[in-house]
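Participant:
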Amino acid sequence: MATAGDTWVGLLAWATAALKCHPRDAWIGWRPPLQWRRLPFVVNNVRFCLLPPAHPNLASRVLALS
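Using numbering that gives the first Met the number 0, you'd call the opening residue of the sequence shown number 0 and step up by one each time.
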């Protein structure tokens, strides 16, 4: 939950990463043994919602802080 003072301004949800994602693994440069050890440190942002009225740059700020 993203707040401004006591007011909710956005909601975010995170989930575990996919076990295999070739583009991600190639970009990070992980070899298979290293991938299995480090996969718990990778997450996916599965939900992101800003509540009206959204302020300019709010999405960037919320994502940067999360």
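For glycine and all other residues, C-beta sits at the position ideal for the given N, C-alpha and C.
With a cut-off of 8 angstroms, do at least 3 Cβ pairs link the region 5-20 to the region 44-52?
Facilitator: yes
Participant: Which partner residues of ARG30 appear in the DSSP bridge assignment?
Facilitator: BP columns for ARG30 are empty, so no partner.
Participant: To the nearest angstrom, how far is the alpha carbon of THR6 from that of ARG37?
Facilitator: 36 angstroms
Participant: Which word fits PHE1, buried or exposed, when buried means at least 16 other C-beta atoms lie within 10 angstroms of its C-beta?
Facilitator: The amino acid at residue 1 is misidentified as Phe; the sequence shows Ala. Flag for ALA1 reads buried.
Participant: By DSSP, does THR41 sit in helix, in strand, or in coil?
Facilitator: At residue 41 the sequence reads Val, which differs from the Thr that was named. Here VAL41 sits in coil by DSSP.
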